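Novice: Our numbering puts the sequence shown at residues 11 to 273. Using N, Cα and C, we set each Cβ at its ideal position, and we do this for glycine too. A quick note: this is a predicted structure, and the numbers were derived from the prediction, not measured.
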Amino acid sequence: NLATFRSWNTAGDLTWTGYFLTSAFELKNFSKGSWFVAYNPESFNDRRSRGGPLMLNPSGAEWDFQLNSDPNRRWIAGVGLHGYGYRRGSEDGWSVRTSLEWKPGSRVSLAFEPQVELSQTTAQYVDTFDDPLAAATFGHRYVFAGLNQTTVSASLRLNWIYTPRLSLEIYAQPLLSSGRYAGFKELARPRSFDFRGYPDPAGTEDPDRIIVDPDGPGGAAAPHEIDDPNFSLASLRGNAVLRWEYSPGSTLFLVKVSYWWSP
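(1) Under a Cβ-count criterion, where at least 16 other Cβ atoms within 10 Å of its own Cβ denotes burial, should residue 220 be classed as buried or exposed?
(2) Could you check if residue 258 is buried or exposed, using at least 16 other CB atoms within 10 Å of its CB as the buried criterion?
(3) Are the beta-carbon atoms belonging to residue 147 and residue 217 less than 8 Å from one another?
(4) What are the boundary residues of the beta strand (DSSP E) that residue 138 is part of?
(5) Three or more C-beta pairs under 8 Å: does that hold for the segment 47 to 67 against the segment 118 to 135?
(6) Since residue 173 is in the beta strand (DSSP E), which residue starts that stretch and which ends it?
(7) Can you name the start and end residues of the beta strand (DSSP E) that residue 248 belongs to?
(8) Can you give me the start and stop residues for the beta strand (DSSP E) that residue 49 sits inside?
(9) Buried or exposed: which applies to residue 154, given that a residue is buried once 16 or more other Cβ atoms fall within 10 Å of its Cβ?
(10) Contact between the segment 190 to 210 and the segment 164 to 174: three or more CB pairs below 8 Å?
(11) For residue 193 versus residue 156, is the C-beta spacing smaller than 8 Å?
Okay, here's the thing in C-alpha coordinates:
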(Lines of atoms letter the chains of each structure in order from A and count residues from 1; the text may use other names and numbers.)
(Lines give C-alpha, C1' and ligand atoms only; values in the text may rest on other atoms or scores of the structure.)
Protein backbone atom coordinates (compact mmCIF):
# COMPACT_ATOMS: atom_id res chain seq x y z
CA ASN A 1 0.00 0.00 0.00
CA LEU A 2 1.22 3.50 -0.84
CA ALA A 3 -0.18 6.52 0.97
CA THR A 4 0.58 10.18 1.53
CA PHE A 5 -0.51 12.43 4.34
CA ARG A 6 -0.45 16.10 5.28
CA SER A 7 -1.54 18.13 8.29
CA TRP A 8 -1.81 21.86 8.91
CA ASN A 9 -2.34 24.01 11.97
CA THR A 10 -5.07 26.65 12.22
CA ALA A 11 -2.69 29.28 10.80
CA GLY A 12 -2.26 27.25 7.61
CA ASP A 13 1.33 26.11 8.32
CA LEU A 14 2.20 22.62 7.07
CA THR A 15 3.09 20.78 10.30
CA TRP A 16 3.62 17.22 9.00
CA THR A 17 3.79 15.55 5.61
CA GLY A 18 5.07 12.30 4.22
CA TYR A 19 4.89 9.32 1.91
CA PHE A 20 4.21 5.88 3.34
CA LEU A 21 4.78 2.43 1.79
CA THR A 22 3.66 -0.62 3.75
CA SER A 23 2.91 -4.30 3.25
CA ALA A 24 1.99 -7.45 5.18
CA PHE A 25 2.83 -11.06 4.34
CA GLU A 26 2.37 -14.65 5.51
CA LEU A 27 4.96 -17.43 5.12
CA LYS A 28 4.33 -21.10 4.38
CA ASN A 29 4.81 -21.96 8.07
CA PHE A 30 2.02 -19.47 8.91
CA SER A 31 4.40 -16.89 10.35
CA LYS A 32 3.12 -13.39 9.69
CA GLY A 33 4.99 -10.15 9.18
CA SER A 34 4.68 -6.55 8.15
CA TRP A 35 6.95 -3.65 7.19
CA PHE A 36 6.85 -0.01 6.24
CA VAL A 37 9.12 2.74 5.00
CA ALA A 38 8.26 6.42 5.14
CA TYR A 39 9.80 9.63 3.87
CA ASN A 40 8.91 12.94 5.50
CA PRO A 41 9.83 16.14 3.61
CA GLU A 42 10.46 19.42 5.41
CA SER A 43 7.58 20.89 7.37
CA PHE A 44 7.10 23.18 10.36
CA ASN A 45 6.82 22.39 14.07
CA ASP A 46 4.59 24.52 16.28
CA ARG A 47 5.32 22.58 19.48
CA ARG A 48 9.09 22.12 19.66
CA SER A 49 9.68 25.55 21.25
CA ARG A 50 6.84 25.05 23.78
CA GLY A 51 4.66 27.96 22.73
CA GLY A 52 7.46 29.94 21.09
CA PRO A 53 8.22 30.59 17.43
CA LEU A 54 7.48 28.13 14.67
CA MET A 55 10.49 25.90 13.88
CA LEU A 56 11.54 23.87 10.85
CA ASN A 57 11.19 20.09 10.77
CA PRO A 58 14.14 18.79 8.69
CA SER A 59 13.35 16.02 6.22
CA GLY A 60 14.02 12.39 7.07
CA ALA A 61 12.93 8.76 6.85
CA GLU A 62 11.60 5.97 9.06
CA TRP A 63 11.30 2.20 8.68
CA ASP A 64 9.85 -0.72 10.61
CA PHE A 65 9.83 -4.52 10.34
CA GLN A 66 7.80 -7.02 12.39
CA LEU A 67 7.72 -10.85 12.22
CA ASN A 68 5.64 -13.21 14.40
CA SER A 69 5.51 -17.00 14.38
CA ASP A 70 2.36 -19.08 13.83
CA PRO A 71 -0.37 -17.58 16.10
CA ASN A 72 -2.11 -20.97 16.37
CA ARG A 73 0.73 -22.64 18.26
CA ARG A 74 1.17 -22.87 22.01
CA TRP A 75 4.35 -20.77 21.92
CA ILE A 76 4.41 -17.62 19.76
CA ALA A 77 7.59 -15.61 19.24
CA GLY A 78 8.06 -12.25 17.58
CA VAL A 79 10.72 -9.70 16.76
CA GLY A 80 10.50 -6.13 15.57
CA LEU A 81 12.97 -3.49 14.43
CA HIS A 82 12.37 0.23 14.03
CA GLY A 83 14.66 3.03 12.92
CA TYR A 84 14.54 6.66 11.89
CA GLY A 85 16.90 9.41 10.83
CA TYR A 86 16.37 13.07 9.99
CA ARG A 87 18.68 15.64 8.48
CA ARG A 88 20.85 17.91 10.62
CA GLY A 89 20.62 15.38 13.43
CA SER A 90 17.20 16.62 14.42
CA GLU A 91 16.16 13.06 15.31
CA ASP A 92 17.95 9.71 15.00
CA GLY A 93 17.32 6.41 16.70
CA TRP A 94 16.46 2.74 16.59
CA SER A 95 14.67 0.18 18.72
CA VAL A 96 14.53 -3.60 19.02
CA ARG A 97 11.49 -5.34 20.46
CA THR A 98 10.84 -9.02 21.01
CA SER A 99 7.87 -10.98 22.28
CA LEU A 100 7.14 -14.43 23.62
CA GLU A 101 3.59 -15.63 24.29
CA TRP A 102 2.55 -18.87 25.96
CA LYS A 103 -0.96 -20.28 25.53
CA PRO A 104 -1.23 -23.44 27.65
CA GLY A 105 -4.93 -23.66 26.85
CA SER A 106 -7.73 -21.84 25.13
CA ARG A 107 -8.52 -19.79 28.24
CA VAL A 108 -5.07 -18.63 29.38
CA SER A 109 -2.28 -16.66 27.72
CA LEU A 110 0.89 -15.11 29.14
CA ALA A 111 3.00 -12.69 27.08
CA PHE A 112 6.40 -11.08 27.72
CA GLU A 113 7.57 -8.21 25.48
CA PRO A 114 10.98 -6.57 26.21
CA GLN A 115 12.25 -3.58 24.22
CA VAL A 116 15.43 -1.50 23.95
CA GLU A 117 15.45 1.97 22.40
CA LEU A 118 18.35 4.35 21.69
CA SER A 119 17.57 7.87 20.48
CA GLN A 120 19.35 11.16 20.02
CA THR A 121 18.49 14.66 18.91
CA THR A 122 20.54 17.81 18.45
CA ALA A 123 17.68 20.06 19.57
CA GLN A 124 15.73 18.99 22.64
CA TYR A 125 13.89 21.85 24.32
CA VAL A 126 15.31 22.82 27.74
CA ASP A 127 13.97 26.21 28.88
CA THR A 128 12.79 29.70 27.93
CA PHE A 129 13.77 32.97 29.58
CA ASP A 130 13.15 36.64 28.88
CA ASP A 131 15.88 38.87 27.45
CA PRO A 132 15.14 42.16 25.64
CA LEU A 133 18.40 41.70 23.69
CA ALA A 134 16.92 38.63 21.94
CA ALA A 135 15.13 40.71 19.31
CA ALA A 136 15.19 37.98 16.65
CA THR A 137 13.04 35.73 18.87
CA PHE A 138 10.73 38.43 20.22
CA GLY A 139 12.48 39.15 23.53
CA HIS A 140 12.81 35.52 24.64
CA ARG A 141 15.67 33.02 24.49
CA TYR A 142 14.58 29.48 23.65
CA VAL A 143 17.23 27.13 25.00
CA PHE A 144 17.88 23.72 23.41
CA ALA A 145 20.55 21.02 23.76
CA GLY A 146 21.56 17.71 22.27
CA LEU A 147 20.03 14.71 24.05
CA ASN A 148 21.16 11.08 24.05
CA GLN A 149 18.60 8.78 25.64
CA THR A 150 18.54 5.05 26.37
CA THR A 151 15.34 3.26 27.42
CA VAL A 152 14.84 -0.37 28.41
CA SER A 153 11.34 -1.63 29.11
CA ALA A 154 9.28 -4.80 29.22
CA SER A 155 5.58 -5.61 29.18
CA LEU A 156 3.99 -8.58 30.92
CA ARG A 157 0.37 -9.53 30.13
CA LEU A 158 -1.84 -12.25 31.61
CA ASN A 159 -5.28 -13.03 30.18
CA TRP A 160 -7.31 -15.61 32.06
CA ILE A 161 -10.88 -16.54 31.16
CA TYR A 162 -12.34 -18.46 34.11
CA THR A 163 -15.75 -18.83 32.52
CA PRO A 164 -17.46 -17.11 29.59
CA ARG A 165 -18.79 -14.61 32.15
CA LEU A 166 -15.71 -14.13 34.35
CA SER A 167 -12.23 -13.08 33.19
CA LEU A 168 -9.07 -11.45 34.54
CA GLU A 169 -6.51 -9.29 32.72
CA ILE A 170 -3.23 -8.22 34.35
CA TYR A 171 -0.64 -5.89 32.79
CA ALA A 172 2.73 -4.69 34.17
CA GLN A 173 5.50 -2.61 32.61
CA PRO A 174 8.86 -1.93 34.31
CA LEU A 175 10.98 0.76 32.61
CA LEU A 176 14.49 2.20 32.98
CA SER A 177 15.53 5.35 31.12
CA SER A 178 18.44 7.80 31.19
CA GLY A 179 19.20 10.94 29.22
CA ARG A 180 22.28 13.14 28.93
CA TYR A 181 22.27 16.69 27.56
CA ALA A 182 25.19 18.49 25.90
CA GLY A 183 25.78 21.34 23.47
CA PHE A 184 23.48 24.02 24.86
CA LYS A 185 22.27 26.66 22.41
CA GLU A 186 19.35 28.90 21.53
CA LEU A 187 17.04 29.22 18.56
CA ALA A 188 18.55 31.80 16.20
CA ARG A 189 15.43 32.80 14.26
CA PRO A 190 11.82 31.70 13.76
CA ARG A 191 10.78 29.24 11.03
CA SER A 192 14.27 27.71 10.99
CA PHE A 193 16.37 24.94 12.52
CA ASP A 194 19.27 27.35 13.11
CA PHE A 195 20.88 27.85 16.51
CA ARG A 196 23.52 29.94 18.29
CA GLY A 197 25.78 27.90 20.55
CA TYR A 198 26.42 28.64 24.23
CA PRO A 199 29.62 28.14 26.21
CA ASP A 200 29.61 25.06 28.44
CA PRO A 201 27.23 25.55 31.38
CA ALA A 202 28.63 26.35 34.82
CA GLY A 203 27.72 24.56 38.02
CA THR A 204 26.10 26.05 41.11
CA GLU A 205 26.09 25.25 44.82
CA ASP A 206 22.95 23.23 44.11
CA PRO A 207 24.02 20.07 42.21
CA ASP A 208 20.63 20.00 40.48
CA ARG A 209 21.03 23.47 38.97
CA ILE A 210 23.31 24.85 36.23
CA ILE A 211 23.98 28.27 34.70
CA VAL A 212 23.77 28.90 30.96
CA ASP A 213 25.23 32.10 29.51
CA PRO A 214 24.33 33.06 25.91
CA ASP A 215 27.57 34.94 25.20
CA GLY A 216 29.92 33.94 28.02
CA PRO A 217 31.48 35.98 30.84
CA GLY A 218 31.60 39.68 30.08
CA GLY A 219 28.98 39.47 27.34
CA ALA A 220 25.97 41.74 27.13
CA ALA A 221 23.44 38.94 27.73
CA ALA A 222 22.74 37.98 31.33
CA PRO A 223 23.38 34.38 32.48
CA HIS A 224 20.40 32.28 33.49
CA GLU A 225 20.09 29.52 36.09
CA ILE A 226 18.07 26.42 35.14
CA ASP A 227 17.44 22.91 36.42
CA ASP A 228 20.03 20.37 35.27
CA PRO A 229 18.06 18.44 32.62
CA ASN A 230 20.09 15.21 32.85
CA PHE A 231 17.97 12.38 34.20
CA SER A 232 17.85 8.73 35.18
CA LEU A 233 14.58 7.16 36.21
CA ALA A 234 12.89 3.87 36.94
CA SER A 235 9.18 3.25 36.83
CA LEU A 236 6.66 0.47 37.19
CA ARG A 237 3.09 0.72 36.03
CA GLY A 238 0.41 -1.89 36.09
CA ASN A 239 -3.27 -2.57 36.09
CA ALA A 240 -5.67 -5.42 36.73
CA VAL A 241 -9.19 -5.74 35.34
CA LEU A 242 -11.71 -8.28 36.60
CA ARG A 243 -14.75 -8.60 34.34
CA TRP A 244 -17.93 -10.24 35.61
CA GLU A 245 -21.06 -10.53 33.51
CA TYR A 246 -23.44 -11.20 36.39
CA SER A 247 -26.48 -11.32 34.09
CA PRO A 248 -26.91 -11.25 30.31
CA GLY A 249 -26.15 -7.71 29.08
CA SER A 250 -25.02 -6.50 32.54
CA THR A 251 -21.29 -6.45 33.30
CA LEU A 252 -19.29 -5.33 36.33
CA PHE A 253 -15.65 -4.24 35.96
CA LEU A 254 -13.27 -4.06 38.93
CA VAL A 255 -10.15 -2.09 37.97
CA LYS A 256 -6.90 -1.53 39.89
CA VAL A 257 -4.30 0.87 38.46
CA SER A 258 -0.84 1.38 40.02
CA TYR A 259 2.13 3.56 39.10
CA TRP A 260 5.51 3.97 40.81
CA TRP A 261 8.56 5.90 39.71
CA SER A 262 11.89 6.97 41.14
CA PRO A 263 14.24 9.62 39.67
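Specialist: Let me spell this out:
(1) For the purposes of this step, residue 220 is taken as the residue at position 210 of the sequence shown. Counting C-beta atoms within 10 angstroms of its own C-beta, residue 220 has 16 or more neighbours from the protein chains shown and is therefore classed as buried.
(2) In the sequence shown, the residue the question calls residue 258 occupies position 248. That one is exposed.
(3) Here the question's residue 147 lines up with position 137 in the sequence shown. Here the question's residue 217 lines up with position 207 in the sequence shown. Cβ distance not < 8 Å, so residue 147 and residue 217 don't count as in contact.
(4) As a first step, residue 138 must be located in the sequence shown, where it is residue number 128. Unbroken beta strand (DSSP E) run through residue 138: 118 to 140.
(5) By the criterion of at least three beta-carbon pairs nearer than 8 Å, the segment 47 to 67 is in contact with the segment 118 to 135.
(6) Residue numbering aside, residue 173 sits at position 163 when the sequence shown is read from its first letter. Looking at the DSSP string, the run of the beta strand (DSSP E) that includes residue 173 is 150 to 173.
(7) In the sequence shown, residue 248 corresponds to position 238, counting from 1. Boundaries of the beta strand (DSSP E) around residue 248: 241 to 257.
(8) Within the sequence shown, residue 49 is the residue found at index 39, counting from 1. Bounds of the beta strand (DSSP E) holding residue 49 are 42 to 50.
(9) For the purposes of this step, residue 154 is taken as residue 144 along the sequence shown, with counting starting at 1. Result: buried.
(10) Taking a cut-off of 8 Å for Cβ pairs, the segment 190 to 210 and the segment 164 to 174 do not touch, as fewer than three such pairs fall below it.
(11) Sequence index remark: in the sequence shown, residue 193 carries index 183 (1-based). Sequence index remark: in the sequence shown, residue 156 carries index 146 (1-based). Taking 8 Å as the Cβ cut-off, residue 193 and residue 156 qualify as a contacting pair.
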